[in-house]
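Chemist:
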Amino acid sequence: MNRGLIALGGLVIIVLIVVVGLTGTYNRLVTLDQAVQSQWAQVESVYQRRADLIPNLVATVQGAANFEKSTYIAVAQARAKVGQLNLGSAVPNDPAAFAKFTAAQDALSSALTHLLAVSENYPDLKASQNFLDLQSQLEGSENRIAVERMRFNQAAQTFNTTRDTFPTVLVAGIFGSRFNEKAYFQSQPGAQNAPQVKF
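First residue of the sequence shown: 2, per my numbering; consecutive thereafter.
1) F180 lies in the alpha helix (DSSP H); which residues open and close that run?
2) For the alpha helix (DSSP H) that T163 lies in, which residues bound it at each end?
3) Could you tell me the boundaries of the alpha helix (DSSP H) in which A1 lies?
4) Counting pairs of beta carbons, one from the region 73 to 80 and one from the region 51 to 64, are three or more of them closer than 8 Å?
5) Span of the alpha helix (DSSP H) holding Y73?
6) Output needed for L133: all residues of its chain with C-beta closer than 6 Å, excluding positions within five of it in sequence on either side, in chain order.
7) Going straight from the alpha carbon of K199 to that of A157, what length do you get?
8) I need the DSSP call for A184, collapsed to helix, strand or coil.
9) So, with DSSP's three-state summary, where would you put Y48?
10) Taking the CB atoms as reference points, tell me whether V44 and R179 lie closer together than 8 Å.
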């Protein structure tokens, strides 16, 4: 009887250790997942700030110059595509949704870059204080976007590293897609090539 109680006590202790370990691992994954979700909200916020500046920038450019219509159309279409994305909060957990989001934002960045480059051909526009203020705000938004994307990648890396270590990977597997690996922001295709400057 004494041996039976000792064995039962040992079994209870082992079960408690396993339960406490699983609970701690699960809670750590939840904490890191929430950090990724929080950082994702920051990324969305800075992209929204940029999207809110675009109509003012386009209106200022239209009012100050006889600008190429195709440039306005490209910016408007890119902004509309970004606005049509209704991917919800699942983006960091879904690589396909993440790729759609990134592609739409990259297309908008490209259209804005073209708009600003073409504006260089209009001295009156470049001298307009409204345009200079909006351009400065847009540059600030782009810097904020870069910082928040970097911070998101850091949060995703911390989550993914923790998730993929043993024995956490076993616990993550138990919960299916709840703790999928997080996607990373990457540079736009061709970013590794130096820009060509022609005189």
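Beta carbons: idealized from backbone N, C-alpha and C, even for Gly.
Modeler: So, from the data block:
1) That residue, F180, is in no alpha helix (DSSP H); it is neither H nor E in DSSP.
2) 130 to 164
3) A query on residue 1 cannot be resolved here, the shown segment of the chain reaching from 2 to 200 and no further.
4) yes
5) 70 to 85
6) none
7) Only weak support exists for where K199 lies, its pLDDT of 43 falling under 50; the value from the coordinates is given anyway. Taking the straight line joining both Cα atoms gives about 39 Å.
8) coil
9) helix
10) no
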